[in-house]
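Notes for the one structure printed next.
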Amino acid sequence: MAEQMNIHIRGGRIIDPANRVDSIEDLFVSQGKIVASGKAPAGFTADKTIEAENQIVCPGLVDLSVRMREPGQEYKATLKSESAAAAAGGITTCCCPPDTSPIIDTPAMASMLTQRAAEIGLTQLLPIGALTTGLEGETLSDMFALHQAGCVAFCNAERPITNTIIMRRAMEYAASFDLLVMLRANDPWLSDEGCMHEGEISTRLGLAGIPEAAETIIIARDLALIEQTGVRAHFARISSARSVDLIVQARERGLNVSADVAIHHLHLTDYDIGKFNTFCRVTPPLRTERDKDRLREAVASGQIQAICSDHQPHEKDAKLAAFSDAEPGISGLETLLPLGLKLVDEGVLDINTLIASLSSSPARLLGIEAGSLGTGNRADICIFDPDVEWLLDNTKLLSKGHNTPFKHWPLKGRVTSTLHAGKIVYSDS
Amino acid sequence: MSRNLQYTDSGKLHHFLSIEGLRKETLEQILITADKFTQFGQRDIKKLPLLRGFTVVNLFFENSSRTRTTFEIAAKRLSADVINLNPTTSSTSKGETLLDTVNILEAMHTDLFVLRHAKSGVAELIAQHVPDHVHIINAGDGQHAHPTQAMLDMFTIRQYKGPFHELRVAIVGDILHSRVARSQIHALNSLGVHEIRVIAPNSLLPAQVERLGVHVYSDLQQGLDGVDVVMMLRLQKERMSKAYIPSEQEYFNLYGLTSESLAAAADDAIVMHPGPINRGLEISSEVADGPHSVILPQVTNGIAVRMAVMAMILGGDNNG
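Residue numbers (numbering that gives the first Met the number 0), protein chains in the order written: chain A, 0 to 428; chain B, 0 to 319.
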């Protein structure tokens, strides 16, 4: 059995932020777990040795937002295809928002998804439960039962909860059981039919804009409710400089809030939409250079704790449309780490901070066993060559979604092997 | 940024999608070519054989009578075969079928599509997906661009007011939703007018509009002070229900062009409107039909300008 393999990872630079390790050491895996670092434990015989010289060995990545598209949109992607894509991207934990069809608002759906992903066995799937039944924003979902069925957090996906009393009660209820609430701040009236950042570029293109205030207003509202309810809350995929400021101020006041950003918001702005490039249609929208710079700064300083792929694979036709009709999202699993390494290459942040924001920090936010290479931990490991230079060919992505604005981008650094629960789930050789 | 699809590698005009991205010389050549066609239009025999054997398809996903008709007349005067198609937008709301429609027509060996669509960017999208021998003229895409309208406006301004560099031009009304205004602003800037003003309440101005190179006024009288050209825009009546403005009455009182408000402009100012006019909403009949109005000549000029653009795209040796 592959799971039983003893694996010796030799000569790599181990970066394990959870345990403050950054050194060249060997790593030993047995029975699906990390059994030792440095020296082999007594009696260890390797069935397989991975040569990791000049490579970095880090915890398998933890991605806070991954649309697998199954069930409900298998024409876009499947658990099988996206699990393979995650493994190829070094991602061993994928958190799935509840806007599947059916919606993840029943324990049965939550356990079904987890189990099916486990059967495929290429990555761990952690469902995010619906905060309200059917994501309708009217009645609370059975949060505790969903939690018991494996939901690591609760959110209302892209559907804003406009009724503030419902939001308050959802937070109060979640706080009773110390459940994490994830918030995607968006005022539906201000964003209305908007499909990109409101500013000079939207004016030139004649596209309805989404003002920055559509995000900041809801963050301000939710922060007031978080303060009142004491819930553990996380702002998912923030897009603007002022959003960062609001969250930083709230943390300074002692609120228990965190935030993540999608990797593409650290690389692209509304300017990249160019002449209606639908691959740059994302929600929240790409904003200005100033916003991008502030988001980068916030990741580097730890004000934003996690970077996610916000993976949203699409079939070809979803993007072959008028910009405002094109479906939002980027197929991002396989570019998450390389685009992160590009930030390191550009001097935006150091490699340890990058790896923390891709693994140990999101794992800590979720309170899960992942993102650590400590002895005894499940052997979820990402091994990558930080120096290999390559051009992204979107047609070669393992994800069924080839929708990426990073087509033909020069990238540096690529996953060579991924281990999930001690099993080699991806290898480039 | 994607490459400029509007020119071939050798610099010839290939598609006509938006004024933004076109060289000043191209705009000037359109005006010069249209001049020749205007003189021609006054003769008894109005047909020229320039586009004989070419097939032009008017593909209007959004209703229009004036623009479609003038394109049709323009193509026929150049001896092209013309087909008019009005696919309903509902059956083509997905890009797949939108491109399907074009692919099917393209398989019938059409040469030029004159395209109108309610969504911004569709002309560009189609231009990206047609083979090299097929050309696209944008006849209006969403709130993005209406470049032939802007060029017929430039032609009319030049006809009545002479060289551009001395002129002050005011654009009045619903700038936010107007593809015409956007194309006008780019054309006026490219041709080097002295000043462009936009006049509207802030709720009808797009974000950071000043970055397009215009001065912003919310007061009609101040904005019209001394201008040589007044370009009115159509106000859709549904703007009230979405709270862009309070009422027709208040709008007309503040932004309606009347003899009194027009008095602030230069004595010999011209008044333009892309049509159709909402009399009593954005303009009084007195002004629309009055001596300053060049609204009907605009329509006539639309034919010559559209002939010029088609001839430059399909014709032999025009180096835009």
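Positions of the beta carbon are idealized from the N, C-alpha and C atoms, including for glycine.
Is the beta carbon of residue i sitting closer than 8 angstroms to the one on residue j?
i: Ala-199/B; j: Gly-172/B; result: yes
i: Leu-60/A; j: Leu-397/A; result: no
i: Gln-30/A; j: Gly-421/A; result: yes
i: His-134/B; j: Ser-182/B; result: no
i: Met-230/B; j: Ala-73/B; result: no
i: His-193/B; j: Arg-167/B; result: yes
i: Cys-436/A; j: Leu-130/A; result: Chain A is shown from 0 up to 428; residue 436/A falls before or after that span and cannot be answered.
i: Asn-5/A; j: Val-28/A; result: yes
i: Ile-269/B; j: Ile-276/B; result: no
i: Ala-85/A; j: Val-65/A; result: yes
i: Gly-120/B; j: Ala-321/A; result: yes
i: His-116/B; j: Glu-61/B; result: yes
i: Ile-102/A; j: Leu-372/A; result: no
i: His-14/B; j: Leu-4/B; result: yes
i: Arg-289/A; j: Ala-219/A; result: no
i: Gly-11/A; j: Glu-52/A; result: yes
i: Ile-367/A; j: Val-151/A; result: yes
i: Asn-185/A; j: Pro-159/A; result: yes
i: Leu-410/A; j: Lys-341/A; result: yes
i: Leu-189/A; j: Leu-222/A; result: no
Is DSSP giving residue i helix, strand or coil here?
i: Cys-57/A; result: strand
i: Asn-317/B; result: Residue placement at Asn-317/B is flagged as unreliable, the pLDDT there being 40, under the threshold of 50; the coordinate-derived value follows with that caveat. DSSP places Asn-317/B in coil when its eight states are reduced to three.
i: Thr-215/A; result: helix
i: Pro-320/B; result: What the structure shows of chain B is the stretch from 0 to 319, and residue 320/B is not part of that stretch, so it cannot be assessed.
i: Val-293/B; result: coil
i: Leu-125/A; result: strand
i: Gly-421/A; result: coil
i: Met-230/B; result: strand
i: Leu-261/B; result: helix
i: Met-0/A; result: Interpretation of Met-0/A is limited by its pLDDT of 41, a score under 50 that renders its predicted location unreliable; the figure taken from the coordinates is listed afterwards. In the structure shown, Met-0/A sits in coil (DSSP, three-state: anything other than H, G, I, E or B).
i: Ser-9/B; result: coil
i: Met-0/B; result: Only weak support exists for where Met-0/B lies, its pLDDT of 43 falling under 50; the coordinates are left without a value.
i: Val-171/B; result: strand
i: Arg-51/B; result: coil
i: Asp-324/A; result: coil
i: Leu-16/B; result: coil
i: Arg-231/A; result: strand
i: Asn-18/A; result: helix
i: Asp-80/B; result: strand
i: Leu-256/B; result: strand
i: Arg-68/A; result: coil
Per the DSSP calculation, residue i is bridged to which residue(s)?
i: Val-215/B; result: Val-197/B
i: His-134/B; result: Leu-111/B
i: Asp-140/B; result: His-116/B and Ala-144/B
i: Tyr-74/A; result: DSSP lists no partner for Tyr-74/A.
i: Thr-163/A; result: In DSSP, Thr-163/A forms no bridge with anything.
i: Leu-195/A; result: In the sequence as displayed, the identity of residue 195/A is Met instead of Leu. DSSP, once it has assigned bridges, lists Gly-208/A as partnering Met-195/A.
i: Phe-59/B; result: Arg-115/B
i: Pro-409/A; result: Leu-390/A
i: Thr-48/A; result: His-7/A
i: Phe-153/A; result: Gly-128/A and Val-180/A
i: Met-271/B; result: Met-230/B
i: Lys-32/A; result: Ser-29/A and Arg-377/A
i: Phe-92/A; result: According to the sequence displayed, residue 92/A carries Thr and not Phe. Val-61/A and Gln-123/A.
i: Cys-279/A; result: According to DSSP, Cys-279/A bridges with nothing at all.
i: Glu-24/A; result: Gly-11/A
Just checking: is the beta-carbon of residue i within a distance shorter than 8 angstroms of some beta-carbon in chain D?
i: Glu-192/A; result: Within the model displayed, chain D is absent; protein chains A and B are what it includes.
Complete runs of the beta strand (DSSP E) confined to the segment 330 to 407 of chain A [at least 3 residues]
380 to 390
Any contact between the segment 292 to 311 of chain A and the segment 225 to 245 of chain A? By contact I mean 3 or more CB pairs, one from each, below 8 angstroms.
yes
Quick check: the segment 302 to 315 of chain B against the segment 27 to 47 of chain B, are there 3 or more CB pairs under 8 angstroms?
yes
Touching by the beta-carbon criterion (3+ pairs, under 8 angstroms), the segment 157 to 165 of chain B and the segment 281 to 296 of chain A:
no
Across the segment 113 to 122 of chain A and the segment 178 to 188 of chain A, are there enough close Cβ pairs to call them in contact, namely three or more that are closer than 8 angstroms?
no
So, does the segment 384 to 403 of chain A touch the segment 105 to 116 of chain A, judging by three or more C-beta pairs under 8 angstroms?
no
Three or more C-beta pairs under 8 angstroms: does that hold for the segment 70 to 78 of chain A against the segment 42 to 52 of chain A?
The segment 70 to 78 of chain A vs the segment 42 to 52 of chain A: no contact.
Under 8 angstroms: do the segment 325 to 334 of chain A and the segment 342 to 354 of chain A share three or more Cβ pairs, one atom per stretch?
no
Taking contact to mean 3 or more Cβ pairs, one atom from each stretch, closer than 8 angstroms, check whether the segment 51 to 68 of chain B and the segment 224 to 231 of chain B are in contact.
no
Is the segment 273 to 280 of chain A close to the segment 398 to 407 of chain A, with three or more CB pairs under 8 angstroms?
yes
If you scan the segment 253 to 319 of chain A from start to end, which runs of the alpha helix (DSSP H) of 4 or more residues do you find wholly inside it?
288 to 300
Pairs of beta-carbons, one from the segment 203 to 215 of chain A and one from the segment 250 to 262 of chain A, closer than 8 angstroms: are there three or more?
Under the 8 angstroms Cβ criterion, the segment 203 to 215 of chain A does not count as touching the segment 250 to 262 of chain A, having fewer than three qualifying pairs.
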